[in-house]
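Going down the list, the protein sequences come from chains X and S.
Counting with this note's numbering, you get residues 8 to 457 for the letters of the first sequence.
Counting with this note's numbering, you get residues -13 to 294 for the letters of the second sequence.
Each residue gets a CB set at the ideal place from its N, CA and C atoms; glycine is no exception.
As the structure is a prediction and not an experimental result, all values here were calculated from the model.
Below is one structure, written out as structure tokens; the observations come after it.
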Amino acid sequence: MKKVLKMLLPALIAIPLLASCGSKKEQEEPGATVVTMYLRNFEEWSNNYMNSRVSEFNSNMTDGIQLRVKFFEDEAYTDAYKVAKEQGQAPDIFMCSYGNIFNDLVETGDAVQLEGLIKQEYLDDIKDNVKDMMTYRGHLWSYPQLTEPSTLFYYSKSALARANVTVPEDGKLTWDWLYDACAKVKPTLKRAQYCVGIPIGSAAGWATYGMQYNLTNGLAISEDWKQCLVTADSGYKDLCEFWQKLYINGYVPQGAVSPKGSYNDIIEALTMNKLAMTFGGSWSIAEIMHTYPEKASDIGVAVIPTKSGDTSKVTASNGGWTYAISSQSDTAHREAAAKVIEWFFAESAERTAGYFQAAYYSKAAATKSVANYISEHVTPSMKEWVDVIDGVASKAIPEAIYPWSIACAVTNMLETVALNPEAPIINAINACYSSISEIINSPDFPKKPE
Amino acid sequence: MEYTFDEYQVVNKKRHNRFKYRGSKTAYLMLLPAFVLLSVFVILPLVLAVVRSFQDYNTGAWVGFKNYNYLFTLDKLYLKSFLNALIMTAIISALLLIFSFLFACVLRAMNNKFGKVVKVLIYVPFFISGIIASVIFNLIFNYGGGLITSICVLLDKDPISFTSTTPLAYIAIIAPTLWLGFGYNTLVMYAGLINIPEDYYNAANVDGANSFQKMIYITIPNMKNYTVLLVINMVTAYMQMMEIPMMMTGGAPLDTTLTPVLYLFNSFRDPSRPDNVTIAGAIILMLLIMAVNIVVFKTLRTKRSEDA
Chain X
8 MKKVLKMLLP ALIAIPLLAS CGSKKEQEEP GATVVTMYLR NFEEWSNNYM
58 NSRVSEFNSN MTDGIQLRVK FFEDEAYTDA YKVAKEQGQA PDIFMCSYGN
108 IFNDLVETGD AVQLEGLIKQ EYLDDIKDNV KDMMTYRGHL WSYPQLTEPS
158 TLFYYSKSAL ARANVTVPED GKLTWDWLYD ACAKVKPTLK RAQYCVGIPI
208 GSAAGWATYG MQYNLTNGLA ISEDWKQCLV TADSGYKDLC EFWQKLYING
258 YVPQGAVSPK GSYNDIIEAL TMNKLAMTFG GSWSIAEIMH TYPEKASDIG
308 VAVIPTKSGD TSKVTASNGG WTYAISSQSD TAHREAAAKV IEWFFAESAE
358 RTAGYFQAAY YSKAAATKSV ANYISEHVTP SMKEWVDVID GVASKAIPEA
408 IYPWSIACAV TNMLETVALN PEAPIINAIN ACYSSISEII NSPDFPKKPE
Chain S
-13 MEYTFDEYQV VNKKRHNRFK YRGSKTAYLM LLPAFVLLSV FVILPLVLAV
37 VRSFQDYNTG AWVGFKNYNY LFTLDKLYLK SFLNALIMTA IISALLLIFS
87 FLFACVLRAM NNKFGKVVKV LIYVPFFISG IIASVIFNLI FNYGGGLITS
137 ICVLLDKDPI SFTSTTPLAY IAIIAPTLWL GFGYNTLVMY AGLINIPEDY
187 YNAANVDGAN SFQKMIYITI PNMKNYTVLL VINMVTAYMQ MMEIPMMMTG
237 GAPLDTTLTP VLYLFNSFRD PSRPDNVTIA GAIILMLLIM AVNIVVFKTL
287 RTKRSEDA
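The structure is reproduced here in structure tokens:
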């Protein structure tokens, strides 16, 4: 036993020593205000970029601020934030998506308004349509980093070429074009290969806001949240017919075909030749460039096919991330947190644009100065999709902020017409109408935020 | 000092009361850590949860039954999830009871080394978590490139989507659940079977009973308590299923495989749902499971009384 211990002891001492040799501990500024920041884990390139920026920020030993960042997986983020908040130790800076600003920041009182903390010139620099998405009760509650259109159209150039399908040069794709393209592509595909991927499951709730708006100039409920509109005109019927036609003709897969089975990674199915075309978020471009760069030249990007093909109308909703300052932080930490946000997203267009460059311009800038910087510096090879993304993002509507159960009712309607093609479409629409009306008429239904 | 009988009774009672709890001090002291731990980690959180279910999460203001009303009026999914869980629990429990009983009968007959190996092998999945089981079964059912899809492609058939129709989605959930629970249930059944006295069967043989009659009149009645135990376990576990439905179907299609706990899990992360609604939902679920268990325990007690 003693022999074993004698052999193990040096090893036990050596391992931590060796481990510590390899790790780099950041130098800390004495007496600095420590600002904590919770970030979500995204793609590896995104995490690496943010880490390098944090190191760069902390390398300044004279600004009186040290930044401590914690990364969390998507689901763990909410848990970690809620636990920290319950303990009165909410991070000084935390992330919030546009669609959740009212519920997560304003209603809860979790965030402080930015006027007076962030310099006015930086607040004025935010694009007007982005500012509209995040202004509640007359105030800004978080600072935007980017916007991401939820729906673009991606296609494999080689798959379409094999089927003699041509994409209109003006980029105006219609549903009729899509049906025709699918009819031509389908015979060229093998088993377990499909013509086009569409958002399914819960993604059909949020990734179709743009399509719904394109057809009806509104969403499932009225502007004042008092009336269900799915039967108001033929828009939702058209959407249901489109959805059903794709299913009954076997143009779309019956289930998820991407590795993680979500709309967020649907582009991988295209790069793996399981799909010839697909709807997908703008973030898909970064995925292609970082993970499948060899496929990039084969993939085309366009505005999604619509009934009319009019690309000047809304075709997507804008999602994306913003950064809020916690109301639990004291004055010194709030001011320091504001400086951190300014440094990351407002102070220097060149610095902020670095993220977009790392993202292969798969996201649209949220501020005017960064948008200008990008348009001046983007390389010609990337200009094709930068123009598509900027065009779609500039017209995109904000994600709906009404209760999610309404979006679920629309999802169920689309799923019903897809999975029960023998039943009349109007039944699914009426069921959706009843379901939404019941939700709206409930005494606990919230008022529309102002 | 001499006492009359009545006086002796009084003195003895006083003395008895004086010493009544003296010997118990050690027992109470030994119970204290368990009581403290239970209070801190079970009773106190439960009381706090009940209190919070009647409050607004952000302001702490009393809102009466508002959070409970939300589950029954504003969001009907919760009620639907109960119905889904009841259907799946009934199917899984029935299948597990039948299969594990039949296999336990086979095991009893297999009284050799091979039988021992089989017992170990069928018990192994019990140690595997629902998440890992789902990952394994996803390799089989995955529409994008699982084993079944690969076989379909080999046979030049269209792949089968296990999330587009309800019966298929149920199969995707029931298969891994059966695989996980089969070993434990079989071994409990086996323990019950070997506890039935051989004399009963010998007496039945003398009376000329056939195998079917022995099964109906001896084996099954003697397995009642074991069956009740397994039913309690299964109802409690499967009404709270979450990992497997989450991993296999995510509640699809049309929320037909959404379970109450999966609903609550999603609800906790859904900012459009009030946070305390999750707590209210969890309390309703707890009460329902308690009610089911009370019914089954009553049945168990009745049986024990009968035996006594």
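Straight-line spacing of the CA atoms in residue 76 of chain X and residue 61 of chain X works out to 8 Å. Listed along the chain, the chain X residues whose CB falls inside 9 Å of the CB of residue 144 of chain S are 198, 199, 257, 261. Of all residues in the segment 261 to 282 of chain X, only 261, 262, 263, 264, 265, 266, 268, 276, 281 place a beta-carbon less than 8 Å from a beta-carbon of chain S. Chain X has a Cβ within less than 9 Å of the Cβ of residue 129 of chain S.
Counting along the chain, residue 307 of chain X sits inside the beta strand (DSSP E) bounded by residues 306 to 309. A straight-line Cα-Cα distance of about 28 Å links residue 352 of chain X and residue 409 of chain X. In the structure shown, the three-state DSSP call for residue 428 of chain X is coil. Taking the Cα positions, residue 41 of chain S is about 8 Å away from residue 53 of chain S. Sixteen is the threshold: when 16 or more other Cβ atoms of the shown chains lie within 10 Å of the Cβ of residue 134 of chain X, as they do, the residue is buried. In the three-state scheme derived from DSSP, where H, G and I count as helix and E and B as strand, residue 16 of chain S is classed as helix. Out of X/281, X/249, X/82, X/217, the CA that lies nearest to the CA of residue 201 of chain X is found in X/281.
Excluding five sequence positions before and after residue 139 of chain S, the CB atoms of its chain that fall closer than 8 Å to its own CB belong to 145, given in chain order. Under the 9 Å criterion on CB atoms, residue 266 of chain S is classed as non-interfacial with respect to chain X. Closest by C-alpha distance to residue 425 of chain X, out of X/327, X/380, X/342, X/244, is X/244. Residues of chain S with a Cβ closer than 7 Å to the Cβ of residue 115 of chain X are, in chain order, 44.
Between residue 120 of chain S and residue 162 of chain S a beta carbon distance of about 6 Å is seen, short of the 8 Å cut, so the two are scored as contacting. Counting C-beta pairs closer than 8 Å gives three or more between the segment 219 to 235 of chain S and the segment 67 to 84 of chain S, which meets the contact rule. For residue 162 of chain X, the uninterrupted beta strand (DSSP E) segment begins and ends at 159 to 163. For residue 324 of chain X, the beta-bridge partners assigned by DSSP are X/404.
Residue 103 of chain X is bridged by DSSP to X/329. Using a CB distance below 8 Å, no part of the segment 43 to 70 of chain X faces chain S. When Cβ-Cβ separations below 9 Å define contact, residue 123 of chain S makes no contact with chain X. In the three-state reduction of the DSSP assignment, residue 143 of chain S falls in the coil class. In the three-state scheme derived from DSSP, where H, G and I count as helix and E and B as strand, residue 46 of chain X is classed as strand. Nearest CB-CB separation between residue 131 of chain X and chain S: not below the 9 Å threshold. With the rule of 3 Cβ pairs closer than 8 Å, the segment 119 to 138 of chain S does not count as touching the segment 211 to 225 of chain S.
Looking at the backbone, the Cα of residue 188 of chain S and that of residue 203 of chain S are separated by about 13 Å.
Our two residues, residue 206 of chain S and residue 78 of chain S, have alpha carbons roughly 20 Å apart in a direct line. Secondary structure at residue 276 of chain X: helix, using DSSP grouped into helix, strand and coil. Assignment of residue 244 of chain S by DSSP, reduced to helix, strand and coil, places it in the coil class.
X/217 is the residue among X/141, X/162, X/217 whose C-alpha sits nearest the C-alpha of residue 156 of chain X. Rounded to the nearest whole angstrom, the CA to CA distance from residue 192 of chain X to residue 207 of chain X is 21 Å. Cβ atoms of residue 91 of chain X and residue 79 of chain X stay farther apart than 8 Å, at about 11 Å. Counting other Cβ atoms within 10 Å of its Cβ, residue 343 of chain X reaches 16 or more and is therefore classed as buried.
Within chain X, the residues placing a beta-carbon under 7 Å from that of residue 236 of chain S are 208, ordered along the chain. In the assembly as shown, residue 246 of chain S is a buried residue. Its beta-carbon has 16 or more other beta-carbons within 10 Å.
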